[in-house]
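Here's the structure we're looking at; comments come further down.
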Amino acid sequence: MKQTSVALLFACLATATPAAEAGGQPPTWADINPIVTKHCVMCHSAQGAGKGLRLDSYALALAGSKDGRVLLPGDPEGSELIRRLKGISTPRMPFLSYPLAEEQIALFVRWVEAGMPER
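Reading the sequence shown from the start, the letters are residues -22 to -1, 1 to 97 in mature numbering (1 follows the signal peptide of the UniProt record, and there is no 0).
Spelled out as structure tokens, the structure:
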């Protein structure tokens, strides 16, 4: 019986995924920021600031654009940034580039669903 339990334990550990991948820990700005830095800040920073939206810091991302907030904590469907990443609203973002990978968009959605934690 003990050998079976030990074997079962090792089998479970071998197939386990990290908590963040399994949905255990919500994504944070630290998870989102590398995607934003690579795909967004070329236009949405002090140098570009398309529509006044700056994404080069957590606080500025929360502030939104000239038209208002683009991220609504807990409401990915109502968040304009998510709608643009998915191509629901136009223009699709990133503008004049390939869309983000589905996994990247899903990470944004989970982050917004979780209330957009910074850390």
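Don't be surprised by glycine CBs; every beta carbon is placed ideally from N, CA and C.
All of these numbers come straight from a predicted model, not from anything done at the bench.
_Please classify A39 as buried or exposed, where buried requires at least 16 neighbouring CB atoms within 10 angstroms._
It counts as buried.
_Run of the alpha helix (DSSP H) containing R61, from where it starts to where it stops_ = E58 to K64
*When the cut-off is 8 Å and only beta carbons count, does L85 lie next to chain B?*
You won't find chain B in this structure, because it holds only one protein chain.
*Compare the beta carbon distance of R88 and T6 with 8 Å and say whether it is the shorter of the two.*
no
_For a test of the three-state rule: what should DSSP assign to G30, helix, strand or coil?_
Helix, per DSSP.
*Return the Cβ separation of S57 and L49 in integer angstroms, given the expectation that the two are a contact with Cβ distance under 8 Å.*
Confirmed, about 5 Å.
*Going by DSSP, which residues form a beta bridge with G93?*
Paired residue(s): none; G93 is not in a bridge.
*For L63, count neighbouring Cβ atoms within 10 angstroms of its own Cβ and tell me buried if that reaches 16, exposed if not.*
buried
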